[in-house]
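Enquirer:
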Amino acid sequence: MHKLERLLRPKSIAVFGGAQAAAVVAQSIKMGFAGEIWPVHPTKDEVAGRKAYRSVADLPGAPDAAFVGVNRHLTIEVVKALAERGAGGAVCFAAGFLETEAYDEDGERLQAELVAAAGEMPIIGPNCYGLINYADGALLWPDQHGGIRLADGGKGVAIITQSSNIAINMTMQKRGLPIAFLMTAGNQAQTGLSEMALGLIEDERVTSLGLHIEAFDSVAGFERLAARARELKKPIIAMKVGRSEQARQATVSHTASLAGSDAASGAFLKRLGVARVDSIPAFIEALKLLHVTGPLPGYKLSSMSCSGGEASVMADSAEGRWVHFPTLTAEHRAHVKSTLGPLVAVANPLDYHTFIWNNEPAMTATFTAMVSGGFDLNMLVLDFPRPDRCSDTDWWATLRAFEAALKTNRAQGAIVSSLPENLPEEYTAGLMARGMVPLFGIAEAMDAAQAAAFIGWAWREPEAQPVDTTAAGATDGAHITPDEAEAKDRLIKAGLPVPTGERASSAVEAVISSMALGFPVALKALGVTHKSEVGAVRLNLKDAESVSNAAHDLLPLGTGLYAERMVRDGVAELIVGFTRDPMFGAVMTLGTGGVLVELLRDSVTLMLPATRDDIEAALRGLRLYPLLEGYRGRPKADVQAAIDAIAGIADFVQKNEGEIEELDINPLIVCAEGKGAWIADALLVLGEKKNG
Numbered sequence: 000m001h002k003l004e005r006l007l008r009p010k011s012i013a014v015f016g017g018a019q020a021a022a023v024v025a026q027s028i029k030m031g032f033a034g035e036i037w038p039v040h041p042t043k044d045e046v047a048g049r050k051a052y053r054s055v056a057d058l059p060g061a062p063d064a065a066f067v068g069v070n071r072h073l074t075i076e077v078v079k080a081l082a083e084r085g086a087g088g089a090v091c092f093a094a095g096f097l098e099t100e101a102y103d104e105d106g107e108r109l110q111a112e113l114v115a116a117a118g119e120m121p122i123i124g125p126n127c128y129g130l131i132n133y134a135d136g137a138l139l140w141p142d143q144h145g146g147i148r149l150a151d152g153g154k155g156v157a158i159i160t161q162s163s164n165i166a167i168n169m170t171m172q173k174r175g176l177p178i179a180f181l182m183t184a185g186n187q188a189q190t191g192l193s194e195m196a197l198g199l200i201e202d203e204r205v206t207s208l209g210l211h212i213e214a215f216d217s218v219a220g221f222e223r224l225a226a227r228a229r230e231l232k233k234p235i236i237a238m239k240v241g242r243s244e245q246a247r248q249a250t251v252s253h254t255a256s257l258a259g260s261d262a263a264s265g266a267f268l269k270r271l272g273v274a275r276v277d278s279i280p281a282f283i284e285a286l287k288l289l290h291v292t293g294p295l296p297g298y299k300l301s302s303m304s305c306s307g308g309e310a311s312v313m314a315d316s317a318e319g320r321w322v323h324f325p326t327l328t329a330e331h332r333a334h335v336k337s338t339l340g341p342l343v344a345v346a347n348p349l350d351y352h353t354f355i356w357n358n359e360p361a362m363t364a365t366f367t368a369m370v371s372g373g374f375d376l377n378m379l380v381l382d383f384p385r386p387d388r389c390s391d392t393d394w395w396a397t398l399r400a401f402e403a404a405l406k407t408n409r410a411q412g413a414i415v416s417s418l419p420e421n422l423p424e425e426y427t428a429g430l431m432a433r434g435m436v437p438l439f440g441i442a443e444a445m446d447a448a449q450a451a452a453f454i455g456w457a458w459r460e461p462e463a464q465p466v467d468t469t470a471a472g473a474t475d476g477a478h479i480t481p482d483e484a485e486a487k488d489r490l491i492k493a494g495l496p497v498p499t500g501e502r503a504s505s506a507v508e509a510v511i512s513s514m515a516l517g518f519p520v521a522l523k524a525l526g527v528t529h530k531s532e533v534g535a536v537r538l539n540l541k542d543a544e545s546v547s548n549a550a551h552d553l554l555p556l557g558t559g560l561y562a563e564r565m566v567r568d569g570v571a572e573l574i575v576g577f578t579r580d581p582m583f584g585a586v587m588t589l590g591t592g593g594v595l596v597e598l599l600r601d602s603v604t605l606m607l608p609a610t611r612d613d614i615e616a617a618l619r620g621l622r623l624y625p626l627l628e629g630y631r632g633r634p635k636a637d638v639q640a641a642i643d644a645i646a647g648i649a650d651f652v653q654k655n656e657g658e659i660e661e662l663d664i665n666p667l668i669v670c671a672e673g674k675g676a677w678i679a680d681a682l683l684v685l686g687e688k689k690n691g
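Start counting the sequence shown at 0; every next residue gets the next number (numbering that gives the first Met the number 0).
1) If you draw a straight line from the alpha carbon of HIS40 to that of GLU98, how long is it in whole angstroms?
2) Spell out a yes or no on whether the segment 201-217 and the segment 155-175 are touching, meaning 3 or more CB-CB pairs, one atom from each, closer than 8 Å.
3) By a C-beta neighbour count over all protein chains shown, 10 Å radius and 16 as the cutoff for buried, is THR698 buried or exposed?
4) Give me the Cβ distance between SER11 and GLY34, rounded to the nearest whole Å; I'm assuming they're in contact under 8 Å.
5) Measure the Cβ-Cβ separation of LEU438 and LEU398 and say whether it is below 9 Å.
6) Taking a contact to mean a Cβ-Cβ separation below 9 Å, would you say ARG71 touches PRO125 in this structure?
7) Out of curiosity, what's the CA-to-CA distance linking LYS50 and ALA22?
8) Measuring only the C-alpha atoms, how far is GLU508 from ARG567?
9) Can you list, in chain order, the stretches of the beta strand (DSSP E) that have 3 or more residues and sit fully within the segment 140-218?
10) Measuring straight from C-alpha to C-alpha, what distance separates ALA204 and ASP63?
11) Would the segment 386-396 count as touching the segment 262-270 if we require 3 or more Cβ pairs under 8 Å?
12) Taking Cβ to Cβ, would you say ILE122 is nearer than 9 Å to MET195?
13) Classify THR604 as buried or exposed, calling it buried when 16 or more other Cβ atoms lie within 10 Å of its own Cβ.
14) Quick check on the burial criterion: 16 or more other C-beta atoms within 10 angstroms. Buried or exposed for ARG631?
15) What did DSSP end up calling GLU739 once you bin it into helix, strand or coil?
16) Taking the C-alpha atoms as reference points, what is the distance between PRO234 and HIS323?
17) Looking at the strands, I want to know which residues DSSP matches up with ILE52.
18) Excluding sequence positions up to five away, which residues of its chain have a Cβ less than 8 Å from the Cβ of VAL114?
19) Looking at the strands, I want to know which residues DSSP matches up with TRP677.
20) For ALA255, does the three-state DSSP call read helix, strand or coil?
21) Bridge partners for ILE561 per DSSP, in chain order?
22) Could you spell out where the alpha helix (DSSP H) holding ILE75 opens and where it closes?
23) Which one or two residues does DSSP pair with LYS239 in a beta bridge?
24) Given a cut-off of 9 Å on the beta-carbon distance, is the pair ILE648 and ILE668 in contact?
25) Output the distance between the C-alpha atoms of ALA228 and TRP456, rounded to the nearest integer angstrom.
26) Just to confirm, is the Cβ distance from MET435 to ALA413 under 9 Å?
27) Alpha carbons only, please: which of ILE574, ALA609 and ALA515 is nearest the one belonging to GLY500?
28) Select from ALA61, ALA179 and SER193 the residue whose C-alpha is nearest the C-alpha of GLY153.
29) Is SER316 near MET369, with beta carbons less than 9 Å apart?
30) Please state whether the Cβ-Cβ distance between ILE283 and MET182 is less than 9 Å.
31) Between ALA452 and chain C, is any beta-carbon pair separated by less than 9 Å?
32) Which whole-angstrom value describes the C-beta separation of VAL546 and VAL510, a residue pair presumed to lie in contact below a C-beta threshold of 8 Å?
33) So for ARG275, helix, strand or coil by DSSP?
34) I'd like to check one pair, TYR351 with MET699: are the Cβ atoms closer than 9 Å?
35) Since GLY16 and VAL69 should fall inside the 8 Å C-beta cutoff, what is the C-beta to C-beta distance between them, to a whole number of angstroms?
36) Report yes or no: do the segment 420-427 and the segment 370-384 share at least 3 C-beta pairs separated by less than 8 Å?
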């Protein structure tokens, strides 16, 4: 039994406090909770019509769940008494704990005391509203909400959010999403988001899980959650906030400007097979789609509407996404064409025109022909007229035709309204019961389809290895940045592909070194972080005079010179960077390199360890990748050598995880096939890892 079992699905509830506690009692009674409700109040004889008890000791038994709605100091006392009595768990409503540490020196201490008081008893919060169990009618919830109890045998989604207000708003949705459980996480002082989620997905009445995440409580916890969700075939949608990098301190490398905590979070969710969406409407629509269809087997969509304008909007909405509307085969197109008049141009998305509107047999034939194409999700764009001024009688023939088409082809389908208000909430349950998912908004429908298709893809792939978090956390002391010569010496000793180079302290030494290396050479000023920005590098120097002139220009800029053999036959430049993330450890960024790295922002972030397949997939996802394949007759790049180099660099970082704070390889020059990939510049930042 999961440790949250009694708290999540209680048979008895104890309630502590004033107005909020009375609301908890009233809400559970209103929802038809069949168990015991025991209010606790020092002076009142009853609360919301239920007998009140004076203390924890006076309760008839150890409650399965408790709502503690008293001040922060008294909360600690109540939690301690509940734990000693053997209660199943408690929701701690009070604020004034760790979330106030910036302005209240007592907050951190009180939160530690709260956790100590709870001992082994699970607590949720503090600083949270709590739990709504719509499956059993058990509400540890001190406010109004907009949800309804699930019918006996009914199923719904589970939602956990770190914002109580967002949680309330989600219960007020009119989009037809059936909710089985809703929880708020608060400060996660003892029980983290991942542990709450593990408790919820074990319930057979939960079909899928939605998480609003401000911060991850535990990397290992989320890995356990994702593995269990996959085992139970219960997909997870996440809305991870924090895309803004304004709060992130700038660091010295290009990689830091690309990676950031949000990029790492996105890479982590992708690795887990958790689909990420960026808005509350998309979050709800994706959960609704997954509740009905589960993960989709692929990214192929069809769309039908009786409007060319709607067909165009649908087509445009798929632009730039993995979900797409594939062109119909000649045979399929002819099949659809045979059901329509000669004036209809058959395509996907399909505008079937108004010629067959309200002709149910004709629409059934057309829809059946279109849906027969083996699409992963079939969409019918249909906005209902407003019921207070118009009639929707003719719309039901269209729905019956689409339902028949889906059943004939054993296909998945969705009704998509272009405007949310044009799909009445009272229709949604019936549509879902008939196998048609009601999706509100075209963009949100695309988000939902892409999320469901991503999870389908992720679950077909082997499970990723656990993230290597050994490099997580900050480092002590000032960071050290070795110059390029020393950084490359370390890389050479690790067996990585670095062009031959030599340190020089004068123009004469630079010339001698260049002659030994063989022209052409590159000459750089050492001790300069971003050389191109201050003119601290000269490339393709072909003779001694050029080297001497360049050396005289560069010597004042740094601490010495570095002469290096030029890399020839370069096809493309990549950046391969690593930063130390406080949660995930060393995080790798791959992208288009060179001087325009921040401007182009063509990059992808990966967790470590990363397999060769991970690296290749990341490269293929770059806008640069066609250049590596020989764009417009250009030479093909040595992609396998690039993958070897990137994998080797990643291995070097992992072996030195306690020392490396950042590593920036920019550029990694990828040459023509058979000529390798070479580390042309390296910026290394070192720091000592904290003890303990």
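The beta carbon of each residue, even a glycine, is placed where N, CA and C say it ideally should be.
Small disclaimer: the values here were computed from a predicted structure and weren't measured.
Expert: Looking at the coordinates:
1) The straight-line gap from Cα to Cα measures roughly 27 Å.
2) Contact between the segment 201-217 and the segment 155-175 is present: 3 or more CB-CB pairs across the two stretches fall below 8 Å.
3) Since the first residue of the chain shown is 0 and the last is 691, residue 698 is not available in this structure.
4) Confirmed, Cβ separation roughly 5 Å.
5) For LEU438 and LEU398, no; Cβs fall outside 9 Å.
6) Judged by beta-carbon spacing, PRO125 lies within the 9 Å limit of ARG71, meaning their Cβ atoms are closer than that value.
7) Between the C-alpha atoms of LYS50 and ALA22 there is a straight-line separation of about 15 Å.
8) Whole-angstrom Cα-Cα distance: 24 Å.
9) When DSSP assignments are scanned along the segment 140-218, the uninterrupted stretches of beta strand (DSSP E) that are 3 or more residues long and fall wholly within it turn out to be 155-160, 178-183 and 205-212.
10) The question names Ala, yet the displayed sequence has Arg at residue 204. Each residue's Cα considered, the two are about 20 Å apart.
11) In the pairwise beta carbon analysis, the segment 386-396 is classified as not touching the segment 262-270: fewer than three pairs are separated by under 8 Å.
12) Against a cut-off of 9 Å, the Cβ pair of MET195 and ILE122 comes out as no contact.
13) Flag for THR604 reads buried.
14) By the neighbour-count criterion, in which a residue is buried when 16 or more other Cβ atoms sit within 10 angstroms of its Cβ, ARG631 is exposed.
15) Outside the shown range of the chain, which is 0 to 691, sits residue 739, and nothing can be said about it.
16) Each residue's Cα considered, the two are about 22 Å apart.
17) Reading off the sequence shown, one finds Tyr at residue 52, where the question assumed Ile. The bridge partners DSSP lists for TYR52 are VAL39.
18) For VAL114, where only same-chain residues beyond five positions count, the Cβ hits under 8 Å are ILE122, ALA188 and GLN189.
19) In DSSP, TRP677 forms a bridge with ILE668.
20) With a pLDDT of 46 at ALA255, under the threshold of 50, the modelled position of that residue is not reliable, and no figure is offered here.
21) Looking at the sequence provided, one finds Tyr at residue 561 rather than Ile. When beta bridges are read from the DSSP output, TYR561 appears opposite ARG502 and LYS523.
22) Element bounds for ILE75: 71-84.
23) According to DSSP, LYS239 bridges with ILE212.
24) ILE648 places its beta carbon 9 Å or farther from that of ILE668.
25) One C-alpha to the other measures close to 15 Å.
26) Between MET435 and ALA413, the C-beta gap is smaller than 9 Å, which places the two residues in contact.
27) The option with the nearest alpha carbon to GLY500 is ALA515.
28) Restricting attention to ALA61, ALA179 and SER193, the CA atom closest to the CA of GLY153 is found in ALA179.
29) No.
30) Between ILE283 and MET182, the gap from beta carbon to beta carbon reaches 9 Å or more.
31) Here chain C cannot be found, since the structure has a single protein chain.
32) The beta carbons of VAL546 and VAL510 sit about 5 Å from each other, so the pair counts as a contact at 8 Å.
33) Here ARG275 sits in strand by DSSP.
34) This structure cannot settle anything about residue 699, because the visible part of the chain is limited to 0 through 691.
35) By a beta-carbon distance limit of 8 Å, GLY16 contacts VAL69. Their separation comes to about 5 Å.
36) Remark: three or more beta-carbon pairs, one from each stretch, lie closer than 8 Å, so the segment 420-427 and the segment 370-384 are flagged as touching.
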